[in-house]
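Beneath this line is the structure, given in structure tokens, with notes to follow.
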Amino acid sequence: MTRADILGVAIDRVDLDETLARIAGWLDASAGLRHVVTVNPEFVIEARRNPEFAAALAGADLATADGVGIVLAGKLLGEPVGPRVTGVALTEALADLRHPGARLFLLGAAPGVADEAAARLREKSPGVEIAGTWAGAPGDDALPEIERRLDEARASVLLVAFGHPRQDLWIAQHRERLATHGILVAAGVGGAFDYLSGRVPRAPSWIRRAGLEWLYRLVRQPWRWRRQMALPLFVALVARERVMRALNRADNGRQAGRRTR
Ligand code: UDP
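Going by this note's numbering, the first residue of the sequence shown is number 262, and it counts up by one from there.
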């Protein structure tokens, strides 16, 4: 199936069930590491100025729409993408997957947070296999210790919460090495462990349904304003792209009309 193109970033047209089906298939196939990215508008803006990040996203095996902005942009640009598949929803669903090969490792967030997130996941999904948790760090110094812990845990699914763009740059950069430690699926999940641990409250479901989670985050975590500056830029770029596409279509229509005359 073709991927949607949201301002140069490819997004797969998948919902949560399809995402899980693909991950289960990769666990069955056991053929190298697959990278899953959960894309929001800040990723798209970052990718436009950071070629390494753009390449990491382009090289991902599955890209889901994490933010409502991506879903809306898809509609406006005539490039429909699936419903949102957020990092937190993906983490919870993986805990419920009940695939014999799914042994999760929660890497990232502040010390203790991944552990608390794991405890909540175990309460909600008693069948989950959480092989290990560690705050770790994206710097090279931490890599040998991460590798040691992955070996010890015999993990197969690595959920990485280093924030963007680092988490996906880190996965892309260490792809081969992580694969040698038995990791079959690695996904960047952003603030998922903060939410699951309860340290950061999730927006009430009516706010999420209204597509206003970004506003809730801004009110609860006002220090994010600088990062959220990416949002108005994203909206402006989507509007410009929509106009350009409409003009191109009109142009093509005129040319086709001339040819048939
Ligand atoms: N984080 C981390 N190491 C870092 C930077 C961030 O573990 O060097 C964690 C942070 O504690 C949080 C997660 O990354 O749990 C995601 O952060 P944020 O909400 O900023 O994610 P984003 O919205 O950028 O995906």
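All C-beta atoms, glycine included, are put in the ideal place defined by N, C-alpha and C.
{"query": "For aspartate 276, which residues in the same chain have their Cβ closer than 7 Å to its Cβ, ignoring the five residues on either side in sequence?", "result": "Gly343, Pro344, Val346"}
{"query": "Out of His425, Pro302, Thr441, which has the shortest C-alpha to C-alpha gap to isoleucine 407?", "result": "Thr441"}
{"query": "Which value, in whole angstroms, describes the spacing of the CA atoms of methionine 490 and glycine 443?", "result": "39 Å"}
{"query": "Assign asparagine 513 to one of two classes, buried (16 or more other C-beta atoms within 10 Å of its C-beta) or exposed (fewer than that).", "result": "exposed"}
{"query": "Does DSSP put valine 275 in a helix, in a strand, or in coil?", "result": "coil"}
{"query": "Tell me which residues share the same chain as proline 372 and place their Cβ nearer than 8 Å to its Cβ, disregarding the 5 neighbours each side in the sequence.", "result": "Ala396"}
{"query": "Got a sec? Which residues, its chain only, sit under 6 Å from glycine 328 by beta carbon, not counting five neighbours each side?", "result": "Asn301, Pro302"}
{"query": "Would you report the Cα separation of threonine 263 and alanine 271, rounded to the nearest angstrom?", "result": "9 Å"}
{"query": "When a residue counts only if its C-beta is closer than 5 Å to some heavy atom of the ligand UDP, which residues count, in chain order?", "result": "Gly369, Ala370, Ala371, Ala422, Phe423, Gly424, His425, Gly451, Gly452, Asp455"}
{"query": "So, with DSSP's three-state summary, where would you put leucine 358?", "result": "coil"}
{"query": "If you draw a straight line from the alpha carbon of glycine 286 to that of leucine 473, how long is it in whole angstroms?", "result": "34 Å"}
{"query": "Taking the straight line between their C-alpha atoms, what separation do you get for serine 386 and arginine 309?", "result": "39 Å"}
{"query": "Quick one: any contact between the segment 421 to 434 and the segment 315 to 325, if contact means 3 or more CB pairs under 8 Å?", "result": "yes"}
{"query": "Taking the alpha-carbon of serine 458 as reference, which of Ala497, Trp484, Arg381 has the nearest alpha-carbon?", "result": "Arg381"}
{"query": "Quick check on the DSSP output: the beta strand (DSSP E) that includes tryptophan 395 runs from which residue to which?", "result": "391 to 395"}
{"query": "So for isoleucine 444, helix, strand or coil by DSSP?", "result": "coil"}
{"query": "Is the number of C-beta pairs between the segment 278 to 292 and the segment 358 to 371 that are closer than 8 Å three or more?", "result": "yes"}
{"query": "Measure from the alpha carbon of leucine 367 to the alpha carbon of each residue in Ala354, Ser417, Gly393, Arg383, then state which is nearest.", "result": "Gly393"}
{"query": "If contacts are defined as beta-carbon pairs under 8 Å, then alanine 370 and phenylalanine 454 qualify, I think. What distance do you get, rounded to the angstrom?", "result": "4 Å"}
{"query": "Determine, using beta carbons only, whether leucine 243 and arginine 436 come nearer to each other than 9 Å.", "result": "For residue 243 there is no data in the structure shown, the boundaries of the chain being 262 and 522."}
{"query": "Could you pull the DSSP bridge partners for alanine 422 from this structure?", "result": "Gly369"}
{"query": "Whose CA, out of Asp289, Asp266, Leu508, Arg506, lies closest to the CA of threonine 325?", "result": "Asp266"}
{"query": "Looking at the structure shown, is threonine 347 part of a helix, part of a strand, or coil, going by DSSP?", "result": "coil"}
{"query": "When DSSP labels each residue in this structure, what does arginine 364 get in the three-state scheme?", "result": "coil"}
{"query": "Name the two residues that bound the continuous beta strand (DSSP E) containing leucine 498.", "result": "Premise fails: leucine 498 lies in the alpha helix (DSSP H), 491 to 521, not in any beta strand (DSSP E)."}
{"query": "If distances are taken between C-alpha atoms only, which option among Ala378, Ile391, Arg503 comes closest to glycine 452?", "result": "Ala378"}
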